[in-house]
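Numbering (our numbering) for the sequence shown: 28 to 293.
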Amino acid sequence: MLLIHGEGSVSEQWYDILRGLAGSHRTIAVDLPGYGHSEPIRSAGPEAMASFLWKFARAVGAERPAVVGHSFGGAVAVHMALQRPDHVPSLVLVDSAGMGRAINPAMVVLAVTPLGDLTKWLIPRLTFGPRLLVVSVAVISACRPWRVPRPWWSSQTKAVSSPEALPTTLRSQRSSVGPLGQKNLLLGRLPELPMPTLVVWGLQDLFIPFWQGIAARRRLRDGRLKLVPCAGHLLPAEAAGELLKAVRPFLAHSTGAAAAEGGLRR
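Here it is, written out as structure tokens:
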């Protein structure tokens, strides 16, 4: 399994999910280029990130990964599945980007005005800048921020403090968000995906509204939907237990179906 974090985040956001799945799956959480311990690449858009992740998957011997993507990572996951549909046995999209135009207005302001450049320049220069940014993101992104595990706060603050994180985040925002909201929409391409796909969404998501998850489910050829109450955009960190309850049976069913189909083909 390959776990793909969201914009501005790092692989540590999956800590509880890793613990919950590692006993039954080889599970890898990756830092996208420009975040955490990964060097940036030329483009910060989801399509380029997906191409990079296929190279990464080959390098670590994960040629047919089940792919789980959160937020911007969901858009990356869809592009991975579109690029090599025969190599993705199952797909999980968690509060995914690209499923509609609507997005929190703050994201539009950061993407299309000089405020994004100011934030990128100012936050590293303030003594408590990274911590203040993380707290503000958590307050907006989580329904109940106090449920977010302590390791997330420290890892996220460290991630924001890295020299490449904020520039990469701004480049990514500008590649995906415009004056009218999200651009480069993927909703119309979802019918191309043949693999079983689980869509999971926090009902109190203030960044990307949950009805985009419903719209995504309707476009999928083999889709399932799980709406999680009392959870926001930070669902993998805030409600890891609920996410695991949805993902485990889905993976067991889709993995078994893929194995049976492979046996029939042989």
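Quick reminder that beta carbons are idealized off the backbone N, C-alpha and C, glycines included. Note that the coordinates shown come from a computational prediction; the quantities given were computed from them, not determined experimentally.
With at least 16 other beta carbons inside 10 angstroms of its own, S36 counts as buried. Ranked by Cα distance from P194, the options L271, L252, D144, L213 are led by D144. Here K210 carries a coil assignment [DSSP, helix/strand/coil].
Residue state for H106 is assigned as helix, using DSSP reduced to three classes. Scanning its chain for C-beta atoms nearer than 6 Å, with the 5 sequence neighbours on each side dropped, one finds around A258 the residues C170, G229, E265, A266, in chain order. According to DSSP, H97 shares a beta bridge with V121. In the DSSP annotation of this structure, T146 is not part of any beta strand (DSSP E); the continuous alpha helix (DSSP H) holding it starts and ends at 142-149.
Within its own chain, the residues whose Cβ lies closer than 7 Å to the Cβ of T196, once the five positions on either side in sequence are excluded, are E34, G35, listed in chain order.
Here L149 is exposed: its Cβ has fewer than 16 other Cβ atoms, across all protein chains shown, within 10 Å. Per the DSSP secondary-structure output, R251 pairs in a beta bridge with L225.
When secondary structure is reduced to three states using DSSP, V274 falls in the helix class.
Taking a C-beta distance under 8 Å as the contact criterion, A138 and V204 qualify as a contact pair. The way I'd put it, the stretch 125-132 doesn't touch the stretch 155-164; fewer than three beta-carbon pairs between them come closer than 8 Å. T140 counts as exposed, since fewer than 16 other beta carbons sit within 10 angstroms of its beta carbon. Each of R91, M222, V119 was checked against the Cα of H97, and the nearest Cα belongs to V119. V255 sits close to V227, with the two beta carbons spaced by under 8 Å. DSSP places V136 outside any beta strand (DSSP E); the residue lies instead in the alpha helix (DSSP H), whose first and last residues are 132-139. The closest CA to that of M222, considering only G100, D232, K82, P92, is found on P92.
For L217, the CB contacts under 7 Å within the same chain, skipping 5 residues up- and downstream, are A243, R246, L247 in chain order.
By the C-beta density criterion, R198 is buried, having at least 16 other C-beta atoms within 10 angstroms. Between the stretch 173-192 and the stretch 107-124 there are fewer than three inter-stretch CB-CB distances shorter than 8 Å, so the stretches are not counted as touching.
By the beta-carbon neighbour count (other beta carbons within 10 angstroms, threshold 16), L48 is buried. When the Cα atoms are used, V121 and G61 turn out to be separated by approximately 21 Å.
DSSP places I31 in the uninterrupted beta strand (DSSP E) bounded by 29-31. The C-alpha of L160 lies about 28 Å from the C-alpha of L271. With 16 or more other Cβ atoms from the protein chains shown falling within 10 Å of its own Cβ, A89 counts as buried.
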